[in-house]
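**Student:**
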Amino acid sequence: MSQVAISGNASGTGTLTIAAPNTNSNFTLTLPQNTGTFITTSSTGQVIPRAALPTGSVLQVVNAVSTTTTTTTSQTPQSTSLAASITPSSNTSKILVLVAPIVYVASTGSDAGCGFYIYRGATQVYADSNVYDSFYTGTTNGVLRGRMNLQYLDSPASTSSLTYTFYISAYNGTVSLSAQNSKAQITLMEIAA
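Structure, rendered in structure tokens:
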């Protein structure tokens with residue numbers, strides 16, 4: 000039969016009291032089969048190991064803001080300055096990518112618009128399903144400005160540093176990211192899986 004030992008501290012002078020609650024029921028407190036330190040609501044300077052957190056926990060957050068203007072008339076995805084890097088703590092973690100760009104579309108045709116993309120390194124991991132009509136101007140020689148919100152959950156299976164970059168493309172016009180010093184943001188969240 001295993002035993003429970005309570006060891007005093009030779010340097011301490013205080014008394015530790017284990018107090019029972021006011022109850023008429025029986026309860027069992029099962030101790031873990033490893034060495035560690037109890038963390039309470041008053042604990043300071045102690046950290047719960049990431050591996051002990053449940054699935055879906057946010058392990059870290061990285062945010063980047065860009066006011067650098069990127070302009071293109073190309074239908075091919077073009078890299079922008081909106082990018083952020085994160086190093087996952089586990090190769091099973093997922094990365095939630097949140098992009099909030101402000102985009103200007105100046106049209107030369109009634110079906111002008113733009114496309115949005117997210118790249119992990121050189122790999123395209125997200126492309127808008129309606130690449131051009133998603134930001135359709137609907138007018139000839141019109142200008143449209145707006146903030147979009149994109150979300151993509153990536154499974155990179157890596158513990159190396161990963162850089163996620165926002166790309167844009169144009170159709171029948173000119174597309175600009177962060178024109179007039181507007182702020183675009185990208186946020187990366189490591190999610191325990």
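Numbering follows numbering that gives the first Met the number 0, in which position 17 of the sequence shown is assigned residue number 16; successive positions increment by one, without gaps. Here a beta-carbon is modelled for each residue, glycine too, at the ideal position from N, C-alpha and C. Because the structure is a prediction, the values reported are computed rather than measured.
#1: Is the beta carbon of S157 sitting closer than 8 Å to the one on P87?
#2: Evaluate the contact criterion for the stretch 160-178 versus the stretch 65-79: three or more CB pairs, one atom per stretch, below 8 Å.
#3: On a Cα-Cα basis, can you pick out the residue from A191, F115, A183 and P20 that is closest to N62?
#4: Just the Cα atoms here: how many angstroms apart are T54 and L95?
#5: If you reduce the DSSP assignment to three classes, tell me which class Q179 lands in.
#6: Among S168, M188, A169 and T164, which residue has its Cα nearest to the Cα of S65?
#7: Looking at G120 and L58, is the spacing between their C-beta atoms short of 8 Å?
#8: Identify every residue that forms a DSSP beta bridge with D127.
#9: I'd like the ranges of any beta strand (DSSP E) spanning at least 3 consecutive residues and lying wholly in the stretch 49-109.
#10: Would DSSP call G172 helix, strand or coil?
#11: Pull up the distance between the alpha-carbon of I38 and that of L152, whole angstroms please.
#12: Since S78 contacts E189 with CB under 8 Å, what's their CB separation in whole angstroms?
#13: Among all the DSSP beta bridges, which residues are the ones paired with I193?
#14: Given V124, which residues of its chain have a CB within under 7 Å of its CB, disregarding the five upstream and five downstream residues?
#15: By Cβ distance below 7 Å, which residues in the same chain neighbour Q74 in space, the five residues on each side in sequence not counted?
#16: Taking the C-alpha atoms as reference points, what is the distance between L127 and L149?
#17: Throw me the rounded Cβ distance for the G145 and V98 pair, which I believe falls under 8 Å.
**Tutor:** According to the structure data:
#1: yes
#2: yes
#3: Residue A183 is the option with its Cα nearest to N62.
#4: 14 Å
#5: Three-state result, Q179: helix.
#6: T164
#7: no
#8: None, per the DSSP bridge assignment.
#9: 57-65, 69-71, 77-85, 93-99 and 101-106
#10: For G172, the three-state secondary structure derived from DSSP is strand.
#11: 32 Å
#12: Not a contact, Cβ separation roughly 23 Å.
#13: With the chain covering only 0 through 192, there is no way to say anything about residue 193.
#14: Listed in chain order, the non-local C-beta contacts of V124 below 7 Å within the same chain comprise I117, Y118, Y151 and D153, local neighbours out to five positions each way being set aside.
#15: S168, A169 and Y170
#16: This sequence places Asp at residue 127; Leu is not what is there. If I take the Cα positions, the gap works out to 9 Å.
#17: Wrong, their Cβ atoms sit about 14 Å apart, outside the cutoff.
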